[in-house]
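Residue numbers (our numbering): -8 to 566.
Here's the structure, in structure tokens; my notes come after.
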């Protein structure tokens, strides 16, 4: 998977890679040529006292060194640019993929894991791409070229290379083999830390309300300790690599000096040649060491790439139709035709045998006890889930055949837990429609009964809103969410228990404004309070995911015992 991702994203920048290879080749060749010049200076310049030769060869070495530095800087720039751009592309594709996920895929991966995959995992692949483009290219050139140049200097000492290189490779291989499962465990434990941290930040009020700070601290401490233990094991293995490499390098250098010194004493090798051979041995082992360091990064990047690939290769259950319908013949109509829905792996369906219709401009209320499937039912309208049986039609079109962008534009959803984005009141309202004017925003706020508190805020429409809307009350957050849906100008407004935080007076004024100001908009209202829906054109009663009655308030009082029980429990027997 790692190779697949690197090829997929780096192949888009071939010219950068070609330029990188060219400059890396120049830098490697310069590095390999310098010891040979050094040997010539010692053997032909210093030994003979030829000052002119020393100056000429020294000037050439200086020029080649400057060229090597320049080529290395340019190569590093190209490597960084290719890797960072590829990382940007991966993050963009993950974000776009996740944006198309249904609730099913989001629940499968989890928010914390998806955040980790789009940040830490991409960073691991990105760093491997950058370091690999520099080290993995130069390391083989230095190692192979060093062996070739060393053999040219002295074949008799080449057995030292034949011993030291395999020794270093075997030591690095054993260490890396131990690291692979640890890296996989590290990423999963990083997911756990992110998940717990996210839960505690999101539910900080609940944690404090139930005095769970100590317990949550203990829970986080456990996850944090787990990742520390794995990280310590990885670090312990990693710190062994460099000392082992230096041990092999130093022992090899000692061997070169020892056995090379004997040959120099016998007159078989010149001192300059011995120095050059030592430098080539150092280059060979450093090349192997750089490759070893890179192979340490490869296992972790491979685990990260596998996790990235899981997201990119996932197919949303909300597949876009091949020939989507973009024209809805019946604006605002909703129809459920023998609909059933079951979550994956569930023993029984959440909804079954659901059938009712809402004509354009009508108000249809959905009531039922907790867990009866009300939220799941309205989630099928904007196709947050796909039905497992039956058909849901919006505007006369099966939602599975509709163009999703057109479908979503025709629906304004106010969820059970309204969410506001960091920014201003205006930016949150314009989330529904970017080109909305200030007058349209004020009108939407007036309908949603939010004009008074927005006018009282510092800056009014430009008043700051914290992430999640934590600096406004629950009722104000609900009214802003309702206003945002109104600004959207949909054909259908879906309210999923969106009046629960409002007092009875505000609730009544808001409903009256909605019915009066938006008579052409179809309204689907999920409500707990009976007083909110008594005036609806049609009331759908759910009981354990099945229809327990459909009709007006008066009709259901006569025909539905479930509805009558709900009404009596809230309004009294006389209702």
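Every residue, glycine too, gets a C-beta built ideally from N, C-alpha and C.
DSSP-derived helix/strand/coil call for residue i
i, result
"residue 465", "helix"
"residue 375", "coil"
"residue 533", "strand"
"residue 186", "helix"
"residue 540", "strand"
"residue 139", "helix"
"residue 486", "strand"
"residue 524", "coil"
"residue 480", "coil"
"residue 493", "coil"
"residue 342", "strand"
"residue 329", "strand"
"residue 404", "strand"
"residue 198", "helix"
"residue 388", "strand"
"residue 455", "strand"
"residue 123", "helix"
"residue 233", "helix"
"residue 565", "A caution first: residue 565 carries a pLDDT of 45, below 50, which makes its placement in the model unreliable, though a value can still be read off. The answer is coil: DSSP assigns residue 565 none of H, G, I, E or B."
"residue 67", "helix"
"residue 266", "helix"
"residue 354", "strand"
"residue 316", "strand"
"residue 381", "strand"
"residue 512", "coil"
"residue 414", "strand"
When the options are compared against residue i, the one with the closest alpha-carbon
i, options, result
"residue 322", "397, 340, 374, 379", "397"
"residue 360", "426, 102, 538", "538"
"residue 125", "112, 42, 316, 282", "282"
"residue 44", "457, 165, 28", "28"
"residue 291", "429, 339, 111", "111"
"residue 487", "407, 247, 128", "407"
"residue 494", "-5, 520, 11", "520"
"residue 348", "324, 507, 381", "324"
"residue 452", "206, 435, 421, 417", "417"
"residue 358", "231, 313, 251, 544", "544"
"residue 232", "169, 244, 204", "169"
"residue 9", "72, 442, 60, 42", "72"
"residue 492", "459, 409, 528, 527", "409"
"residue 107", "460, 297, 19", "297"
"residue 482", "400, 131, 293, 246", "400"
"residue 459", "469, 412, 443, 378", "412"
"residue 377", "205, 516, 139, 92", "92"
"residue 119", "83, 75, 90", "75"
Presumed contact (8 Å Cβ cut-off) between residue i and residue j, rounded CB distance
i, j, result
"residue 85", "residue 266", "That belief does not hold up - the Cβ atoms of residue 85 and residue 266 are roughly 52 Å apart, past 8 Å."
"residue 573", "residue 329", "Nothing about residue 573 can be read from this structure; the chain reaches only from -8 to 566."
"residue 341", "residue 78", "That pair is no contact at about 40 Å."
"residue 570", "residue 374", "This structure gives no information on residue 570, because the portion of the chain shown stretches from -8 to 566."
"residue 299", "residue -4", "6 Å"
"residue 69", "residue 14", "7 Å"
"residue 133", "residue 22", "6 Å"
"residue 177", "residue 218", "7 Å"
For residue j and residue i, the rounded distance between their alpha carbons
i, j, result
"residue -1", "residue 301", "15 Å"
"residue 190", "residue 135", "53 Å"
"residue 50", "residue 262", "21 Å"
"residue 547", "residue 555", "7 Å"
"residue 523", "residue 477", "19 Å"
"residue 200", "residue 187", "18 Å"
"residue 5", "residue 128", "15 Å"
"residue 240", "residue 276", "6 Å"
"residue 564", "residue 558", "Confidence is the limiting factor: at residue 564 the pLDDT is only 48, short of 50, which leaves the residue's position unreliable, though a coordinate-based value still follows. Cα-Cα distance, rounded: 8 Å."
"residue 566", "residue 473", "In this predicted model, residue 566 has a pLDDT of only 43, less than 50, meaning its place in the structure is not dependable enough to derive any value."
"residue 280", "residue 250", "24 Å"
"residue 518", "residue 214", "40 Å"
"residue 449", "residue 561", "39 Å"
"residue 571", "residue 25", "Only positions -8 to 566 of the chain appear in this structure, which leaves residue 571 out of reach."
"residue 151", "residue 211", "52 Å"
"residue 46", "residue 20", "22 Å"
"residue 230", "residue 157", "20 Å"
7 Å Cβ cutoff, residue i in contact with chain D
i, result
"residue 485", "Chain labels in this structure do not include chain D; a single protein chain is all it has."
_Measuring CB atoms only, is the stretch 216 to 233 touching the stretch 165 to 183, in the sense that at least three cross pairs come out at less than 8 Å?_
Enough Cβ pairs lie closer than 8 Å, so yes.
_Stretch-stretch touch, CB-based, cutoff 8 Å, three pairs: the stretch 461 to 472 with the stretch 381 to 396_ = Between the stretch 461 to 472 and the stretch 381 to 396 there are fewer than three C-beta pairs closer than 8 Å, too few to call the two in contact.
*Evaluate contact between the stretch 364 to 373 and the stretch 477 to 492, counting only Cβ atoms and requiring at least three cross-stretch pairs below 8 Å.*
Contact holds: three or more Cβ-Cβ distances are below 8 Å.
*Kindly confirm or deny that the stretch 192 to 210 and the stretch 314 to 321 touch, where touching means at least three C-beta pairs closer than 8 Å.*
No, the stretch 192 to 210 is not in contact with the stretch 314 to 321.
*Indicate whether the contact test is met: 3 or more Cβ pairs, each with one atom in the stretch 494 to 511 and one in the stretch 413 to 432, closer than 8 Å.*
In the pairwise beta carbon analysis, the stretch 494 to 511 is classified as not touching the stretch 413 to 432: fewer than three pairs are separated by under 8 Å.
*Okay, do the stretch 432 to 449 and the stretch 502 to 511 touch, 3+ Cβ pairs below 8 Å being the bar?*
With the cut-off at 8 Å, the stretch 432 to 449 and the stretch 502 to 511 touch.
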